[in-house]
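Single-structure report; data block below.
There are 2 protein chains.
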Amino acid sequence: MATKIRTERRTDALSKARIVEAAIEILDSEGEDALTFRALAARLSTGSGAIYWHVADKNDLLAAATDHVIAGVTADAVRGLRPQEVIRTLALGVFDAIHAHPWVGGQLSRNPWQDAVLRMLERIGSQVQALGVPERAQFNATTALMSFILGLAGQYAAGARVFPRHTDRSAFRKAFLETVAAKWAQLDPTEHPFVRQLATVLPEHDDREQFVAGIDLILAGMESVQ
Amino acid sequence: MATKIRTERRTDALSKARIVEAAIEILDSEGEDALTFRALAARLSTGSGAIYWHVADKNDLLAAATDHVIAGVTADAVRGLRPQEVIRTLALGVFDAIHAHPWVGGQLSRNPWQDAVLRMLERIGSQVQALGVPERAQFNATTALMSFILGLAGQYAAGARVFPRHTDRSAFRKAFLETVAAKWAQLDPTEHPFVRQLATVLPEHDDREQFVAGIDLILAGMESVQ
DNA sequence: ACCTGAACACCGTTCAAGT
DNA sequence: ACCTGAACACCGTTCAAGT
């Protein structure tokens, strides 16, 4: 009997992994709106219907792409750190992933039941437990952290939707924030005193620092309650 | 000269207010996906192009609808309460609005630069100020509260997308949570110990209580930091 | 000024037909 | 088993034409 010969139909045969990879390339380089089955099929040199053999629908595709990105964050085990620091590290990992792939933010906040969120929940929850939060408070504490993270995730995704693709994002971001700040500065002082004050710090603020500050606020709340 | 006679072209003349009202009716009764310009035009007995005379595009329409709902929350001034309680009341007002109009949740978290969010920011920020949070920490504290609220907003909107319209939402919700809990309970105990534990409390948990607990956690953090 | 509704340029998804 | 690509049933938006 002849030995089984590897008969790869072609080197670039379609697979869910290859489809997800191509989808991520489109999402990263051209933004959420650019991901269509037609564009994806063209990039993969196949018919649009072929994709449905490997992927249930667009939701499935986006969930798989999000999962692929978040898996890189939840995979690295952090050892020898205090629970607070593990939580901070995990959260910052998610933050950086969203910063690199803004569409992930929208996807996470739009679909909280996907695997990526489940894994974040597990990792963060176990640290909340390690922190000594009483059992009946662990649910609320963990989901509060998750909601905060997903809330900012959605906002960064919204921010990315504003900026043109293929361009220097940070420069456009700064210009955009300055426009918003200028608009806020012109609001009625008696009606919007606080937002007017925010306008003065808005353009210079650091997203990452703001994010950590929020995490620390919730962590401080957890410590004071237990 | 003849006195000016009110010559309303017809009682049901189109206006942005009427369009927004009809849009909210569709969104509430049939869900986000059911709001199309064709459906809206049919309900208003007009052509789909006519709507564009009063509304810039679909984004503008959704922002106006969201604004209309949130205006009802940020309008009522709360007096004689401690800042913590005002924040709790405001946040719960937003929560209840989202509970009544789940599509508002998605809209708020998807578009953080709209007027509705600005007004929430002003009301919450002024209370953070009244709480005695030092000025340089007010920005981070207020946006942390906002992110938490918007995060949960997005999640409730996602939840509503799962349930069929026109039906007893709370019954379907319970059934859905039980399905999720059952799936979580079957996860690998060594890999997902925390989520398996969450599964036992998931179906019985109270969204509103969970929401308040998160707000209180952040408030506690603000007190311990100042 | 405001409205009509056909037309345009797209979508996601399906499915008979191929290999 | 896997792929092709035309066809279907939609979208948001535009715009010549009407009143």
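Respectively, the protein sequence lines represent chains A and B. For the first sequence, the positions run 77 to 302 when my numbering is used. For the second sequence, the positions run 77 to 302 when my numbering is used. Just so it is clear, CB atoms sit at the ideal spot from N, CA and C, and this is done for glycine as well.
Within chain B, the residues that residue i reaches when beta carbons sit closer than 8 Å
{"i": "residue 161 of chain A", "result": "Result: empty, since nearest Cβ-Cβ is about 17 Å, beyond 8 Å."}
{"i": "residue 219 of chain A", "result": "286 and 290"}
{"i": "residue 170 of chain A", "result": "Correct list: empty, because the minimum Cβ distance to chain B is about 12 Å."}
{"i": "residue 300 of chain A", "result": "296, 297, 299 and 300"}
Opening and closing residue of the alpha helix (DSSP H) in which residue i lies
{"i": "residue 286 of chain A", "result": "283-301"}
{"i": "residue 178 of chain B", "result": "178-186"}
{"i": "residue 260 of chain B", "result": "245-261"}
{"i": "residue 195 of chain B", "result": "191-206"}
{"i": "residue 147 of chain B", "result": "134-151"}
{"i": "residue 269 of chain B", "result": "269-277"}
For residue i, the three-state DSSP class (helix, strand or coil)
{"i": "residue 80 of chain A", "result": "Because residue 80 of chain A sits at a pLDDT of 31, beneath the cut-off of 50, its placement in the model cannot be relied upon, and the following sentence gives the value as read from the coordinates. Reduced to three states, the DSSP call for residue 80 of chain A is coil."}
{"i": "residue 91 of chain B", "result": "coil"}
{"i": "residue 112 of chain A", "result": "coil"}
{"i": "residue 219 of chain B", "result": "helix"}
{"i": "residue 172 of chain B", "result": "helix"}
{"i": "residue 311 of chain A", "result": "No answer is possible for residue 311 of chain A: it lies beyond the span of chain A, which begins at 77 and ends at 302."}
{"i": "residue 226 of chain B", "result": "helix"}
{"i": "residue 166 of chain A", "result": "helix"}
{"i": "residue 104 of chain A", "result": "helix"}
{"i": "residue 374 of chain A", "result": "Outside the displayed span of chain A (77 to 302) sits residue 374 of chain A, for which this structure offers no information."}
{"i": "residue 86 of chain A", "result": "Below a pLDDT of 50, predicted positions are generally treated as unreliable, and residue 86 of chain A, at 42, falls in that range; no measurement from the model is reported."}
{"i": "residue 280 of chain A", "result": "coil"}
{"i": "residue 123 of chain A", "result": "coil"}
{"i": "residue 131 of chain A", "result": "coil"}
{"i": "residue 96 of chain B", "result": "helix"}
{"i": "residue 212 of chain B", "result": "helix"}
Amino acids of chain A, ordered along the chain, whose beta-carbon sits closer than 7 Å to that of residue i
{"i": "residue 294 of chain B", "result": "293, 294 and 297"}
{"i": "residue 186 of chain B", "result": "230 and 234"}
{"i": "residue 215 of chain B", "result": "274, 277 and 281"}
{"i": "residue 256 of chain B", "result": "189"}
Contacts of residue i in chain B (Cβ-Cβ under 7 Å)
{"i": "residue 268 of chain A", "result": "198"}
{"i": "residue 205 of chain A", "result": "270"}
Neighbour list for residue i in chain A, Cβ cutoff strictly below 9 Å
{"i": "residue 148 of chain B", "result": "None at all; the shortest Cβ gap to chain A is about 17 Å."}
{"i": "residue 226 of chain B", "result": "185, 223, 226, 227, 228, 230 and 231"}
{"i": "residue 209 of chain B", "result": "Ordered by position in chain A, no residue passes the 9 Å Cβ test against residue 209 of chain B, which lies about 10 Å from the chain."}
Residue i: contacting residues in chain A (beta-carbon distance under 8 Å)
{"i": "residue 271 of chain B", "result": "194, 197, 198 and 201"}
Cβ-Cβ distance between residue i and residue j below 8 Å
{"i": "residue 232 of chain A", "j": "residue 174 of chain A", "result": "yes"}
{"i": "residue 130 of chain A", "j": "residue 105 of chain A", "result": "no"}
{"i": "residue 274 of chain A", "j": "residue 248 of chain B", "result": "no"}
{"i": "residue 99 of chain A", "j": "residue 137 of chain A", "result": "yes"}
{"i": "residue 230 of chain A", "j": "residue 226 of chain B", "result": "yes"}
{"i": "residue 150 of chain B", "j": "residue 199 of chain B", "result": "yes"}
{"i": "residue 94 of chain A", "j": "residue 146 of chain A", "result": "no"}
{"i": "residue 179 of chain B", "j": "residue 253 of chain B", "result": "no"}
{"i": "residue 126 of chain B", "j": "residue 140 of chain B", "result": "no"}
{"i": "residue 223 of chain A", "j": "residue 228 of chain B", "result": "yes"}
{"i": "residue 201 of chain B", "j": "residue 270 of chain A", "result": "yes"}
{"i": "residue 159 of chain A", "j": "residue 206 of chain A", "result": "yes"}
{"i": "residue 294 of chain A", "j": "residue 291 of chain B", "result": "no"}
{"i": "residue 189 of chain A", "j": "residue 277 of chain B", "result": "no"}
{"i": "residue 297 of chain B", "j": "residue 297 of chain A", "result": "yes"}
{"i": "residue 154 of chain B", "j": "residue 165 of chain B", "result": "yes"}
{"i": "residue 213 of chain B", "j": "residue 96 of chain B", "result": "no"}
The ligand SAH heavy atom lying under 7 Å from the CB of residue i
{"i": "residue 237 of chain B", "result": "As far as ligands go, the structure on display features none, and thus does not contain the ligand SAH."}
Contacts of residue i in chain B (Cβ-Cβ under 9 Å)
{"i": "residue 91 of chain A", "result": "What residue 91 of chain A touches in chain B: nothing, since even the nearest Cβ is about 25 Å away."}
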